[in-house]
Amino acid sequence: MDPIPFPGPARPALPWHRVVLLGFMAAGKSTLGPLLAHALGWTFLDGDAELARRSGVSVPEWFRRFGEGAFRQEEARLTAELCRRDELVLAPGGGWAVGPGVLESLPHGTALVWLRVSLEEAVRRATAEGTPRPLLAGPDPVLAARRLLAAREPYYARADFVIDVDGRTPVDLTMAILAWLKTSSS
Ligand code: S3P
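In terms of the numbering used here, the sequence shown is residues 2 to 187.
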């Protein structure tokens with residue numbers, strides 16, 4: 002990856018304690034999150050990776066062995082636990098935000114940033130990337146994604162900041178989010 006054109010951990014004074022990245026599958030949460038965390042001098046955690054690390058079970062395996070309901074419960078529990086930390090950039094999976102009460106129970110000082118990706122771009126990336134997405138594994142991933150996105154958009158739209166990601170580089174997006182974080186209020 003190209004070097005990041007902003008000075009490393011500057012620890013700027015921010016009105017936020019943590020950032021949670023919202024967005025559909027393959028919006029770029031796990032790519033952008035580490036860049037943003039680096040720029041802030043904060044820690045980055047990927048919700049799916051953390052869940053797999055702690056349980057020893059990959060996300061597709063959770064779906065296969067225990068079902069989506071069990072995965073959602075564990076995802077919500079773990080994310081709530083992680084969100085008690087300060088100086089954290091967290092990238093939960095794309096379905097986390099629709100869980101009952103999850104957005105409402107985030108602690109004060111949590112900046113919610115929606116990485117808004119188009120349906121076409123999300124499907125293109127999600128089917129090309131190495132990470133398998135069980136919810137798009139059926140015969141018609143475009144239809145599945147369209148339905149999921151329509152159901153999720155009202156939740157993503159509760160974000161404090163929305164940024165369109167199609168056609169923009171991770172570094173460019175990181176700098177835009179950074180600029181917003183510095184000028185916004187919690
Ligand atoms: C999901 C998104 C995935 C992963 C799981 C379910 C979803 O994470 O949590 O496959 O329901 O949108 P990404 O958003 O990182 O792809």
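Don't be surprised by glycine CBs; every beta carbon is placed ideally from N, CA and C.
Around the beta carbon of residue 30, a 10 Å sphere encloses 16 or more other beta carbons of the protein chains shown; the residue is thus reported as buried. Excluding residues up to 5 positions away in sequence, 31 and 92 lie with their Cβ nearer than 6 Å to the Cβ of residue 47 in the same chain.
Bounds of the beta strand (DSSP E) holding residue 20 are 19-23.
Judged by their CB atoms, residue 163 and residue 157 are nearer to each other than the 9 Å cut-off. Of the candidates 143, 187 and 134, 134 places its Cα closest to the Cα of residue 69. Annotation: the region 63-140 contains the following complete segments of the alpha helix (DSSP H) (minimum length 4 residues), in chain order: 69-83 and 120-129.
A distance criterion of 8 Å places the beta-carbon of residue 60 in contact range of the ligand S3P, judged by its closest non-hydrogen atom. Distances from the CA of residue 44 to each of 174, 87 and 161 were compared; the closest alpha carbon is that of 87. For the pair residue 113 and residue 21, the CB atoms are nearer than the 9 Å cut-off.
Within the region 137-183, the beta strand (DSSP E) runs of at least 3 residues that lie entirely inside it are, in chain order, 162-165.
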